[in-house]
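Mapped onto our numbering, the consecutive letters of the sequence shown carry residue numbers 85 to 347.
Glycine included, C-beta positions come from ideal geometry on N, C-alpha and C.
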Amino acid sequence: MVPSRVTQEGMECIRTRTATLYCPDPQNGGKARRTTFEQYLTESEKLLIAGQLAELPAVHGAMSKYQQDAFLRKFKQLNPKLEWVPVLRIGKDSKIETQSRDLARIEQLKAIRSAIEAGDLTLVGSGHVPANHPGAVLPILQAKRYLERCGFEVTDSRAAAAHMFGKLSHRNSLDAAIEAAVEACHGSMALAEVWPVLVGMAIESHHGLSYDSEDADSARRALPKHTISYEGSDGAVEKLTREALRKRLDRRAEALARRSARQ
């Protein structure tokens, strides 16, 4: 809602341009004094800059002073007759932007809490049992519908799994997450390396994963305390334990060994 300047790219970083005005200066005998200020881009100016982005140095929120200067020099070369240049909105957020972000966060938290109290959203804990404690979360489908009602376009990270494995399903999306974890470990299939990476992905909600560190439901289902859950697009939940992951990695290693032997 209020993105940080550092994370923005392209036209997100360019909203204004320089402008010049000559005003009489009463302290200098009424002689004209040059004043510069920022002015919002018109639609035609936006189109002009956007059409030249491919020829200009990459624009992003973390540009160095050297990169900014290079961008402006190139822009002037492409548009020698223009009397203005874009103003790059990058670097550290302003105090107003930081305060706006904090206010937006507070308002969203209030709205989510109201939706939970009204029964429109349901918090769940381990095993997707309804809960209301600090570790409780919103199921993926509920969160997606809520964000869409707020006007956001939601991109489900499980789409990457569909691209990699074909039809999106319970099993192959979890396999996609494991595949990504193994790749992050430079192809290693050691449980001690892959499990922490997969846990990190679950905590960050990549591939629809979540990390359960509570053992209330695990005790009833004879599962270890720490498990990774995957919520399928149909709402069904699959648990992954360290032992289950070890078996999958072993099977993968055996399949690779057989393939190498055949070659």
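query                                                                                                                   : result
Distance between Lys331 and Val266 (C-alpha atoms, nearest Å)                                                           : 14 Å
Cβ shell of Arg89 (< 8 Å), same chain only, five flanking positions each side left out                                  : Cys97, Gly145, Arg173, Ile174, Gly175, Lys176, Asp177, Glu181
Nearest residue (CA-CA) to Ser272, options Ile224, Asp334, Arg197, Lys130                                               : Asp334
Phe236 - DSSP class collapsed to helix/strand/coil                                                                      : coil
Simplified DSSP assignment, three categories, for Leu172                                                                : strand
Closest by C-alpha distance to Leu125, when choosing among Leu105, Tyr106, Thr100                                       : Thr100
Per-residue DSSP class, three states only, for Glu139                                                                   : coil
Reference Val238; option with closest CA among Asn216, Gly292, Pro280                                                   : Gly292
Close-in-space but distant-in-sequence residues of the same chain around Arg117 (CB under 6 Å, 5 per side omitted)      : Cys107, Asp109
Where Pro103 falls: helix, strand or coil (DSSP)                                                                        : The sequence given here has Ala at residue 103, not Pro. In this structure, Ala103 counts as strand in the three-state DSSP scheme.
Segment limits, beta strand (DSSP E) that includes Leu324                                                               : 321 to 324
Cβ-Cβ distance between Val143 and Gly113 below 8 Å                                                                      : no
Simplified DSSP state of Ser272, which is helix, strand or coil                                                         : coil
Spatial neighbours of His212 in its chain, beta-carbon cut-off 8 Å, leaving aside the 5 residues before and after       : Pro223, Ser313, Glu315, Val321
Minimum C-alpha distance to Val86 - residue among His290, Gln183, Ala202                                                : Gln183
First and last residue of the uninterrupted alpha helix (DSSP H) at Arg117                                              : Careful: Arg117 lies outside any alpha helix (DSSP H), inside the beta strand (DSSP E) at 115 to 124.
Coil, strand or helix - Pro108 by DSSP                                                                                  : strand
Identity of the residue in Glu263, Ile196, Gln347, Gly219 nearest Leu231 by Cα                                          : Ile196
Euclidean distance between Cα positions of Cys234 and Glu127                                                            : 27 Å
Neighbourhood of Met285 by C-beta distance below 8 Å, restricted to the same chain and skipping five residues each side : Ala261, Ala264, Ala265, His291, Leu293
Top-ranked residue by Cα proximity to Glu129, from Gln152, Gln111, Ala103                                               : Ala103
Leu293 - partner residues in DSSP beta bridges                                                                          : Tyr314
Neighbourhood of Pro141 by C-beta, 7 Å cutoff - its chain only, sequence neighbours within 5 removed                    : Gln151, Ala154, Phe155, Lys158
Closest by C-alpha distance to Met147, when choosing among Glu122, Gln161, Ala134, Thr91                                : Thr91
Sequence-distant residues of its chain with Cβ nearer than 6 Å to Leu356 (five each side left out)                      : An answer regarding residue 356 cannot be provided, because it is not within the stretch 85 to 347 covered by the chain.
Beta-carbon proximity check, Thr206 vs Gln192, cutoff 8 Å                                                               : no
Residues bridged to Pro280 [DSSP beta-bridge criterion]                                                                 : Answer is none; Pro280 lacks a bridge partner.
7 Å Cβ shell around Ala268 - same chain, five flanking residues per side excluded                                       : Val281
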